[in-house]
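Enquirer: This is the structure I have questions about; it appears just below.
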Amino acid sequence: GESVGLHLPTLSVQEGDNSIINCAYSNSASDYFIWYKQESGKGPQFIIDIRSNMDKRQGQRVTVLLNKTVKHLSLQIAATQPGDSAVYFCAENLQAGTALIFGKGTTLSVSS
Amino acid sequence: DAGVIQSPRHEVTEMGQEVTLRCKPISGHNSLFWYRQTMMRGLELLIYFNNNVPIDDSGMPEDRFSAKMPNASFSTLKIQPSEPRDSAVYFCASSTGGGNEKLFFGSGTQLSVL
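Protein chains in written order, with the numbering used here: chain A, 1 to 112; chain B, 113 to 226.
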């Protein structure tokens, strides 16, 4: 089965709200995690990544949190905008030098 | 800089025909990946190359699928013969390799097999 999964397939928020997208992973040995955003008709686009020796990393309006105890990853988007509407994927790297394994994705819908 | 370039963007073909998808990775990237995306199965890894050498092809569905990377700037994914269940979006991605796992994706090829 999937080694990376998501808690919710869809998330609807109002413009200006904060969004939290969750992801669970099953392999405690995974050492690298990454979030991608995919807009309709486009390829996945890198948002932010984090290594297992960290529990938080911040970017511009985005924060990734890693809880290794419960094998949980989350993406927080501050002041969500209509342009944030997309499918968000988490992915993990089971071993250095191998390929990313992707979860199924969460669709984020932002209404004005 | 140009990103990962895939062609064609769309391909419509009939069952039994040969299909060839093409990818040009980002210049200087040493690793290249082929993924397939469907609603049911999400993004699945098909195969990846390091320095033009196939490393893991365990995701290739069956012998009808083959991939090559003749040089550092070009790769192909071929399906022969194609079947309707092969209909999906096929993505190529590249990375600098050497332990850097961040992938840069192309825009994908939407394949429809009738």
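Quick reminder that beta carbons are idealized off the backbone N, C-alpha and C, glycines included.
Owing to the predicted nature of the structure, the values given are computational and were not obtained by experimental measurement.
Have a look at the DSSP bridge pairing and note the partners of A:H72.
Expert: Partner(s): A:A24 and A:N67.
Enquirer: For the beta strand (DSSP E) that contains A:D49, what are its first and last residues?
Expert: Q45 to R51 is the span of the beta strand (DSSP E), which, as asked, contains A:D49.
Enquirer: Provide the residue span of the beta strand (DSSP E) that contains A:V110, from first to last.
Expert: Looking at the DSSP string, the run of the beta strand (DSSP E) that includes A:V110 is T106 to S111.
Enquirer: For a test of the three-state rule: what should DSSP assign to B:R197, helix, strand or coil?
Expert: Of the three classes helix, strand and coil, the one that applies to B:R197 here is helix, per DSSP.
Enquirer: Verify the CB distance criterion: does A:I34 have a CB-CB separation below 8 Å to chain B?
Expert: Taking Cβ atoms only, chain B reaches closer than 8 Å to A:I34, which makes this a yes.
Enquirer: Could you tell me whether any Cβ in chain B is nearer than 8 Å to the Cβ of A:L100?
Expert: Yes, contact with chain B.
Enquirer: Return no unless some Cβ of chain A is closer than 8 Å to the Cβ of B:K136.
Expert: No, B:K136 does not count as interfacial toward chain A.
Enquirer: Considering only C-alpha positions, which residue in the set A:T10, A:N22 and A:G43 is nearest to A:F33?
Expert: The candidate whose alpha carbon is nearest that of A:F33 is A:N22.
Enquirer: Check for me: the beta strand (DSSP E) holding B:K190 runs from which residue to which?
Expert: Per DSSP, B:K190 belongs to the beta strand (DSSP E) from F186 to I191.
Enquirer: In chain order, what residues of the same chain have a beta carbon less than 8 Å from the beta carbon of B:N183, not counting five sequence neighbours either side?
Expert: Counting only Cβ-Cβ distances below 8 Å, and skipping sequence neighbours, we find N164.
Enquirer: In whole angstroms, what is the alpha-carbon distance linking B:I167 and A:G97?
Expert: If I take the Cα positions, the gap works out to 10 Å.
Enquirer: In chain order, what residues of the same chain lie with their CB nearer than 7 Å to the CB of B:N162, ignoring the 5 residues before and after it?
Expert: N142, S143 and G209.
Enquirer: So what does DSSP say about B:P182, is it helix, strand or coil?
Expert: DSSP places B:P182 in strand when its eight states are reduced to three.
Enquirer: Taking C-alpha atoms, which residue in B:G128, B:I159 and B:I138 lies nearest to B:S170?
Expert: Comparing Cα-Cα distances from B:S170 to each of B:G128, B:I159 and B:I138, the minimum goes to B:I159.
Enquirer: Return the CA-CA distance between A:K56 and B:C135, expressed in angstroms with no decimal places.
Expert: Distance between the alpha carbons of A:K56 and B:C135: 35 Å.
Enquirer: What is the rounded straight-line gap between the Cα of B:E123 and the Cα of A:T10?
Expert: For B:E123 and A:T10, the distance between alpha carbons rounds to 30 Å.
Enquirer: Apart from the five residues on each side of it in sequence, which residues of its chain come closer than 8 Å, Cβ to Cβ, to B:P196?
Expert: Closer than 8 Å at the Cβ level, and outside the excluded window around B:P196, lie M127, V225 and L226.
Enquirer: So which of A:G103, A:S111, A:L108 and A:V110 has the shortest CA-CA distance to B:R153?
Expert: It is A:G103.
Enquirer: First and last residue of the beta strand (DSSP E) that includes B:E123?
Expert: That run of the beta strand (DSSP E) goes H122 to T125.
Enquirer: Checking the sheet assignment: what are the DSSP bridge partners for B:T162?
Expert: As written in the sequence, residue 162 of chain B is Asn, which differs from the Thr given in the question. Its beta-bridge partners are B:S143 and B:V165.
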